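All the letters of the sequence shown, read from the start, carry residue numbers 2 to 740 under the working numbering.
Where is the CB? At the ideal position from N, CA and C, for every residue including glycine.
Nothing here was measured: the structure is a model prediction, and the numbers come from that model.
What follows is one structure encoded as structure tokens, with my remarks underneath.
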Amino acid sequence: MNSPATRGRNGRSRRAPRGRSRFRLPMRYLLPTTFLVALLAMLMLRGYVHSEILADHRVRDADYNTRVPKDVRSGGPVIDARSGDAKTLRIPDRRIVLTFDDGPDPVWTPKVLDKLKEYDAHGVFFVTGNMAARYPDLVERMVAEGHEIGLHTFNHPDLSYQSTGRIDWELSQNQLALAGAAGIRTSLFRPPYSSFSYAMDNKSWPVTEYIGSRGYLTVVNDTDSEDWKRPGVRAIVERATPKDGKGAIILMHDSGGDRSQTVAALDTLLPDLAQRGYTFTRLTTALDAPSAHTPVTGSALWKGKAFVSAVAVSERITGVLVVGLAVIGVLVLARFGLMLLLSFLHARKVRRRNFGWGPPVTRPVSVLVPAYNESACIEATVRSLAASEHPIEIIVIDDGSTDGTADLVEAMRLPRVRVVRQRNAGKPAALNNGIRHARYDIVVMMDGDTVFEPATVRELVQPFGDPRVGAVAGNAKVGNRDSLIGAWQHIEYVMGFNLDRRMYDVLGCMPTIPGAVGAFRREALDRVGGMSEDTLAEDTDVTMALHRDGWRVVYAENARAWTEAPESVQQLWSQRYRWSYGTMQAIWKHRRAVIERGPSGRFGRVGLPFVSLFMVVAPLLAPLIDVFLLYGLVFGPTGRTVAAWFGVLVVQAVCAAYAFRLDKERMTHLISLPLQQILYRQLMYVVLLQSWITALTGGRLRWQKLRRTGAVEAPGGSSGRRPQGPGAAAGAVDRRPYV
2 MNSPATRGRN GRSRRAPRGR SRFRLPMRYL LPTTFLVALL AMLMLRGYVH SEILADHRVR
62 DADYNTRVPK DVRSGGPVID ARSGDAKTLR IPDRRIVLTF DDGPDPVWTP KVLDKLKEYD
122 AHGVFFVTGN MAARYPDLVE RMVAEGHEIG LHTFNHPDLS YQSTGRIDWE LSQNQLALAG
182 AAGIRTSLFR PPYSSFSYAM DNKSWPVTEY IGSRGYLTVV NDTDSEDWKR PGVRAIVERA
242 TPKDGKGAII LMHDSGGDRS QTVAALDTLL PDLAQRGYTF TRLTTALDAP SAHTPVTGSA
302 LWKGKAFVSA VAVSERITGV LVVGLAVIGV LVLARFGLML LLSFLHARKV RRRNFGWGPP
362 VTRPVSVLVP AYNESACIEA TVRSLAASEH PIEIIVIDDG STDGTADLVE AMRLPRVRVV
422 RQRNAGKPAA LNNGIRHARY DIVVMMDGDT VFEPATVREL VQPFGDPRVG AVAGNAKVGN
482 RDSLIGAWQH IEYVMGFNLD RRMYDVLGCM PTIPGAVGAF RREALDRVGG MSEDTLAEDT
542 DVTMALHRDG WRVVYAENAR AWTEAPESVQ QLWSQRYRWS YGTMQAIWKH RRAVIERGPS
602 GRFGRVGLPF VSLFMVVAPL LAPLIDVFLL YGLVFGPTGR TVAAWFGVLV VQAVCAAYAF
662 RLDKERMTHL ISLPLQQILY RQLMYVVLLQ SWITALTGGR LRWQKLRRTG AVEAPGGSSG
722 RRPQGPGAAA GAVDRRPYV
């Protein structure tokens, strides 16, 4: 270690500059973190304008009115407390000020505006900031058609519960929304849950005084239509009509629920009062006062426009994400159902007593073991093959190992075992080299960190009794499942891989023969050109090529192989990064299958969409589940959010339990399933996102080597592993994570 100094080009230590942090967040963490933070910010903004965040829905009961001036209680509906000495104003006779609260609403406000325009009437709309920010075009229309705008707070709280700081916030945010929507600010204000002047009490009056000190006129009403109760059109008209020709401020609503009765009442109220000599006008016009509107310019205008634009972006993006999440959710649940059904049919078919692929396959086969620095586990791998119940030849292809892997195999001096050495060229090249040295027409491929059971090869090659079968996928299992990360991968292998393979077998579109345990007809490999080096997922690539060439690819559930899964996050990252990127490459390489005919077209129109949707696209939306879960727990309907999440978890648990039952696995590992869904899914998401970035930027990856411990052995068997390295104790196993 050279820290805190770094090595210069001459080998001498060069100390890092002081005061400069050397910590850099890797791009694979920075981009997804940025995306999730941006998504959370949009959700917070959306929750704010939907009154889910910072909203206070408490409504206070009436109080005594001993501190309210008598002149106010007996005065008019317009309260002017701007100078400190409160006074009230009344509307002159034969003048009507129609006021509408709680809007704008995308359904009812346009209909109200249409009625006012039809009868050449004007009024005042007391808008809430959250609605104005969401529907700025309606606010702009109100101003353009000559109506007046008043503030009704941002989130509609009862201000008697709020501090002066919160009141200022409600007013400023309401004005910010108006500036962004119509480029104005207003001096009119109506408190939420207000009614008449005589209803002022000891709790609401201090609020009115404070509002006046901020430069606002407080507007209540003379008549209340009570349209929010939906009492019927006739009742609304009767309650809204002033008595004896007096002027009035009429309270109505254009939002907050079904306002069809309000719209219908205007059709009666407006012409009826017009016939009686009433005029419908703005508040300031009725009072012969200057306009309540003031144009907003400069930075205040741009801040308002930026806020409204941000709300629009958050509404659209979160709306699309919600729809996308719903669609993906339905598809995933449908996939779970299809997976359960087809897995049941597959198990029922292959487990029948009279089931058979054709004549028993008894001829010898070649087993290829590509190995690069596998000294920790190659002996266990070869010994497990040597115990095979099926006649085999074993070919270990040493891909330029530097740890003596080939020497260890040769020193074992086992019959039917050959070592082929080559310069380091990668796994596909090693496999193709092994195919050239193989003597038999069926080739089994496995990884150098995997052990077979004695019956594995025999079970794996039986499907070749059907001459249409070109390749067989075995049942890969996690051997080192004693750690939490191993248990998570164990669940993934049993449920996510093997249950999937049963489904794909029935559908005839198996996407991948696992590198840990797979078998190929040599003729089929020759026809597709062997193992391609075009992608990093050579197993997926060759499987897709076989489908396109017309071969059947099936699953042999009893051909079990025990592989050593990554034991650290870094190792898992490296492995899944290669898998996901290689899968994308393979999908892109075989994309023309979608438009082709015959077997290639059938695979292209069934297999490729399945793989693309559920292995590439759907996992990208996985974090949305947890983000929406967190949002729902904190700000949304907590009960329904928890119920929905547990519902999805139950579906996954049912699928996992069924998969474990088919594979005869113990259910105890499923205890970690909920935690896997929260933590493991995020890791897979980041890996997939980095793969997308690599693909889009044209980057390339190499065959990445993971450090192995050699601790995996077949059940009931001995690994036969010898400790490596100086000072290694007899029988010791290095289980330290490699990071």
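Could you give the distance in angstroms between the alpha-carbon of residue i and the alpha-carbon of residue j?
| i | j | result |
| --- | --- | --- |
| P724 | S376 | Below a pLDDT of 50, predicted positions are generally treated as unreliable, and P724, at 36, falls in that range; the measurement from the model is reported next regardless. Taking the straight line joining both Cα atoms gives about 9 Å. |
| L707 | V555 | Annotation note: pLDDT 49 at L707 (below 50); position unreliable, coordinate value reported separately. When rounded, the distance between both Cα atoms is 29 Å. |
| S22 | G509 | Only weak support is given to the placement of S22: the predicted model assigns it a pLDDT of 48, under 50, and the value that follows is read from those uncertain coordinates. In a straight line, the C-alpha of S22 is about 55 Å away from that of G509. |
| Q174 | L684 | 39 Å |
| T513 | T544 | 6 Å |
| T564 | V383 | 13 Å |
| P158 | P291 | 29 Å |
| A180 | A145 | 14 Å |
| R577 | G516 | 14 Å |
| A1 | M413 | Because the chain is modelled from 2 through 740, residue 1 falls outside the range shown and cannot be assessed. |
| G147 | D121 | 10 Å |
| L630 | T286 | 51 Å |
| S601 | L609 | 10 Å |
| H294 | R74 | 28 Å |
| G76 | G648 | 58 Å |
| L409 | R561 | 25 Å |
| Y211 | S198 | 16 Å |
| M532 | V612 | 20 Å |
| F190 | A178 | 15 Å |
| D223 | G299 | 38 Å |
| S52 | H58 | 9 Å |
| L690 | N156 | 37 Å |
| G427 | Y659 | 38 Å |
| V618 | M585 | 10 Å |
In the DSSP assignment, find the unbroken alpha helix (DSSP H) run with residue i in it and report its ends.
| i | result |
| --- | --- |
| H347 | 299-351 |
| R384 | 379-387 |
| H58 | Premise fails: H58 is in no alpha helix (DSSP H) and is neither H nor E. |
| W589 | 570-590 |
| Y505 | 501-508 |
| L369 | Looking at the DSSP string, L369 is not in any alpha helix (DSSP H); the run it does join, the beta strand (DSSP E), is 366-372. |
Whose C-alpha, out of the options, is nearest the C-alpha of residue i?
| i | options | result |
| --- | --- | --- |
| E534 | D527, V128, D542 | D542 |
| R68 | A200, D121, L31 | A200 |
| V635 | T35, L41, L37 | L41 |
| Q677 | I396, K478, Q490, A658 | Q490 |
| N499 | V473, A265, F604 | V473 |
| R336 | L614, A178, V495, S692 | L614 |
| I185 | T209, G519, D159, G151 | G151 |
| E558 | V495, G530, G531 | V495 |
| E666 | G531, E493, P600, V649 | E493 |
| S692 | L44, L537, M532 | L537 |
| V444 | D450, K428, D506, R523 | R523 |
| D550 | A426, E394, L160, D527 | D527 |
| R96 | P429, V113, G246 | G246 |
| R417 | I395, H438, N425, A407 | I395 |
| T319 | F604, T639, V50, P620 | V50 |
| L37 | A644, D627, A307 | D627 |
| E149 | G305, F127, N156, P620 | F127 |
Considering residue i, what are the terminal residues of the beta strand (DSSP E) in which it resides?
| i | result |
| --- | --- |
| E141 | No beta strand (DSSP E) holds E141; the alpha helix (DSSP H) holding it covers 137-145. |
| K478 | 470-479 |
| D399 | 393-400 |
| L152 | 149-152 |
| R74 | It is not in any beta strand (DSSP E) - R74 instead sits in the alpha helix (DSSP H) that spans 71-74. |
Per DSSP, which residues does residue i bridge with? Please list them.
| i | result |
| --- | --- |
| L90 | V79 |
| R603 | According to DSSP, R603 bridges with nothing at all. |
| L672 | The residue asked about is misnamed: residue 672 is Ile in this sequence, not Leu. Answer by DSSP bridge pairing: none, since I672 is not bridged. |
| L252 | T100, D225 |
| R419 | I396 |
| R186 | T295 |
- Task: State whether the stretch 451-459 contacts the stretch 388-395, with contact taken as three or more CB pairs (one from each stretch) at a distance under 8 Å.
- Result: yes
- If you pair each beta-carbon of the stretch 262-269 with each one of the stretch 236-248, do three or more pairs fall below 8 Å? yes
- Any chance the stretch 329-345 sits against the stretch 426-434, with 3 or more Cβ pairs inside 8 Å? no
- Is the stretch 479-488 in contact with the stretch 396-411, if contact means three or more CB pairs nearer than 8 Å? no
- Message: Taking contact to mean 3 or more Cβ pairs, one atom from each stretch, closer than 8 Å, check whether the stretch 353-364 and the stretch 565-575 are in contact.
- Response: no
- Segment contact flag, the stretch 337-352 with the stretch 209-226, C-beta cutoff 8 Å, min 3 pairs: no
- Message: Can you confirm whether the stretch 202-212 touches the stretch 57-76 when touching is taken to mean that 3 or more C-beta pairs between the two stretches lie within less than 8 Å?
- Response: yes
- Message: Counting beta carbon pairs with one atom in the stretch 126-138 and one in the stretch 101-117, are three or more of them shorter than 8 Å?
- Response: yes
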